[in-house]
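Numbering (the UniProt record's numbering), first residue to last: 1 to 633.
Idealized CB from N, CA, C, for every residue including glycine.
As the structure is a prediction and not an experimental result, all values here were calculated from the model.
The structure appears right after this line, and notes come after that.
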């Protein structure tokens, strides 16, 4: 194990109910590096101006909306393409990330929560008036967690989720909203036909929110028009209706053959066409404007390629994007493809591929470009347990570090249904700048490697993923990259959960752990978390803590806290609805009864922060902590 962590100060916080506990506060460095160039580079990667993929109004495509950090906080910005004018729409202390445009482009809708707690209401304001106050967008609905939003020219539909379940309202021609769907099981609104006569819902009335079914409703009266469910363990996702008035074709993702693939479902005739694209990975898609072709996003081994697929002929043509990852892509009314792209080494850009094939940068926020970083290399480690032959990991080495052993951070992604990819990460780059190798593991539960790989954690989450992490760490040790004394396990959200679980179930493997917004006490977390996540956990574990207490007990970090020996840093937000603060404090109370050194960083936001200065502070704290535990200063 690395050297112990000195106590950097004490912070008094409310711990278990009725108990006031004192936790060692995290040591926040003023700078990470003595080298001024290094210090400037790592900070610039986070603070350099960035923009998201722009959305645009359905019937006024010259009006767009995007998210940017230009102000120092991620906020919404309106972009009028007609005169290339930009204005900041929202300005809230903890930032704003969710917004969209009315169909005619006249109003901007944005979601208003409280300090990042994700519970709130939709507000709207004019697109082109700087001084107009935002108002409640659809009075007559109640607050909740967002569960879908569809804005047409005459039909508005809004979904909200609460502890009582999901509710969907519809408003026609400005009338007061009426409820057209309500159920205690998780679900939401996922699409509307171009002529606004049909709405599609994703629902889990069968009790499994991880593998939803689809229901199409008539917007006139909310009655059922069509239904599709592939059965137990097989999910369906509604991508979008064809963008042609009167066209009842719905683009759907399915997993009938063990991976995410596509079909076109004509909901009027209840006929479907499965699309066999002959691609080895998983796919998603968007329509071209006339409904005759699809934009295909193909993900395989942590990288993305784009294709145009002609529906009538079945012709598939790859579009000329660079090797790396496309984060988002969509087709404009003139058939230009706008997309975001990056690689591990090259920071992201918002680009446009014209219908004639010319590729160029679409949108830049001005200011400095984030400095580049190091590429990643693929690692495929054989696994004895299936369902795949290997677990895929991405390895990045600090510049000039061709041999080991190196201090190494095993960075575990959240989700768990997500994946690390060959895309730019300021977080990864900061660890590399600090001299750490970075290993990102796409453990069982990750997306992009087939349905069986994704679902292999059902009934035994956490412990299953850590078996794959251990295999990759063994590979890293056997190949001289690192040692247990130089190995740090780190992650946020589900990755934070895995970090705490790893420290308790694999105590000999880790020099330290960094757990951001983790699940630490699963039973307590289940009681306090947002209802959509309770539904997700019931599907993942196979029931609630009352129904299967032993499974939750075995898979909960607090169960294994007495085996933790390595120093640990925990970061948590006061308003987090996903990994609530109380269950983190329960864990720290138990940890504080022992002599294991730990530090705690508590902040006033939700499941992460949209404020750049706060992000910089947290990343500096994490790396500073890890360097002390492996003897690297």
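{"Query": "Assigned secondary structure, residue 253 (DSSP; H/G/I helix, E/B strand, else coil)", "Result": "strand"}
{"Query": "Where the beta strand (DSSP E) containing residue 374 begins and where it ends", "Result": "Premise fails: residue 374 is in no beta strand (DSSP E) and is neither H nor E."}
{"Query": "Nearest residue (CA-CA) to residue 241, options 181, 549 and 150", "Result": "150"}
{"Query": "Exposed unless 16 or more other CB atoms sit within 10 angstroms - verdict on residue 100", "Result": "buried"}
{"Query": "Classification of residue 495 by the beta-carbon crowding that lies within 10 angstroms, buried from 16 upward", "Result": "buried"}
{"Query": "Secondary structure, beta strand (DSSP E): runs of 3+ residues fully inside the segment 207-269", "Result": "213-218, 224-228, 237-241, 249-254 and 261-266"}
{"Query": "Status (buried if at least 16 other CB within 10 Å, exposed otherwise) for residue 648", "Result": "Within the shown structure, residues of the chain are numbered from 1 to 633, placing residue 648 beyond reach of any answer."}
{"Query": "Own chain residues within Cβ distance below 7 Å of residue 283, not counting five before or after", "Result": "260, 261, 262, 277, 296, 297 and 298"}
{"Query": "Buried versus exposed, by CB contacts within 10 Å (16 or more), residue 399", "Result": "exposed"}
{"Query": "Nearest candidate by alpha-carbon position, reference residue 463, set 553, 192, 366 and 304", "Result": "553"}
{"Query": "Cβ contact check for the segment 112-119 and the segment 572-584: 3 or more pairs under 8 Å", "Result": "yes"}
{"Query": "One or two residues paired with residue 165 in a DSSP bridge", "Result": "162"}
{"Query": "Test item: CB-CB of residue 73 and residue 611 under 8 Å", "Result": "yes"}
{"Query": "Three-state secondary structure (DSSP) of residue 40", "Result": "helix"}
{"Query": "Own chain, CB closer than 7 Å to residue 465, minus 5 neighbours either side, in chain order", "Result": "416, 443, 444, 445, 457 and 498"}
{"Query": "Segment limits, beta strand (DSSP E) that includes residue 600", "Result": "598-603"}
{"Query": "Beta-carbon contacts of residue 382 that lie in its chain and below 6 Å, excluding the five residues immediately before and after", "Result": "390"}
{"Query": "Burial state of residue 506, where buried means 16 or more other Cβ atoms lie within 10 Å", "Result": "buried"}
{"Query": "CB-CB length for residue 438 against residue 502, believed under 8 Å", "Result": "Residue 438 to residue 502, Cβ: 16 Å. No contact."}
{"Query": "DSSP state of residue 364 mapped onto helix, strand, coil", "Result": "coil"}
{"Query": "Residue 650 versus 474, 332, 301 and 313, residue with shortest Cα-Cα distance", "Result": "Residue 650 is absent from the structure shown; the chain starts at 1 and stops at 633."}
{"Query": "Reference residue 54; option with closest CA among 539, 528 and 332", "Result": "332"}
{"Query": "Between the CA atoms of residue 87 and residue 453 - distance to the nearest angstrom", "Result": "44 Å"}
{"Query": "Simplified DSSP assignment, three categories, for residue 388", "Result": "coil"}
{"Query": "Residue environment, residue 167, which counts as buried when at least 16 other CB atoms sit within 10 Å", "Result": "buried"}
{"Query": "Coil, strand or helix - residue 351 by DSSP", "Result": "strand"}
{"Query": "Beta-carbon proximity list for residue 268, same chain, < 7 Å, skipping 5 on both sides", "Result": "248"}
{"Query": "Rounded C-alpha distance that separates residue 629 from residue 440", "Result": "20 Å"}
{"Query": "Beta-carbon proximity of residue 535 to residue 52, cut-off 8 Å", "Result": "no"}
{"Query": "Reduced DSSP category for residue 310 - H, G, I as helix; E, B as strand; rest coil", "Result": "strand"}
{"Query": "Minimum length 3: unbroken beta strand (DSSP E) runs contained in the segment 470-498", "Result": "487-492"}
{"Query": "Closest residue to residue 63 among 549, 169, 609 and 79 (Cα-Cα distance)", "Result": "79"}
{"Query": "Rounded distance between the beta-carbons of residue 238 and residue 191, thought under 8 Å", "Result": "5 Å"}
{"Query": "Cross-strand partners of residue 442 (DSSP beta bridge)", "Result": "392"}
{"Query": "Contacting residues, own chain, Cβ-Cβ under 7 Å from residue 522 (five flanking each side not counted)", "Result": "552, 555 and 556"}
{"Query": "Reference residue 71; option with closest CA among 476, 61 and 46", "Result": "46"}
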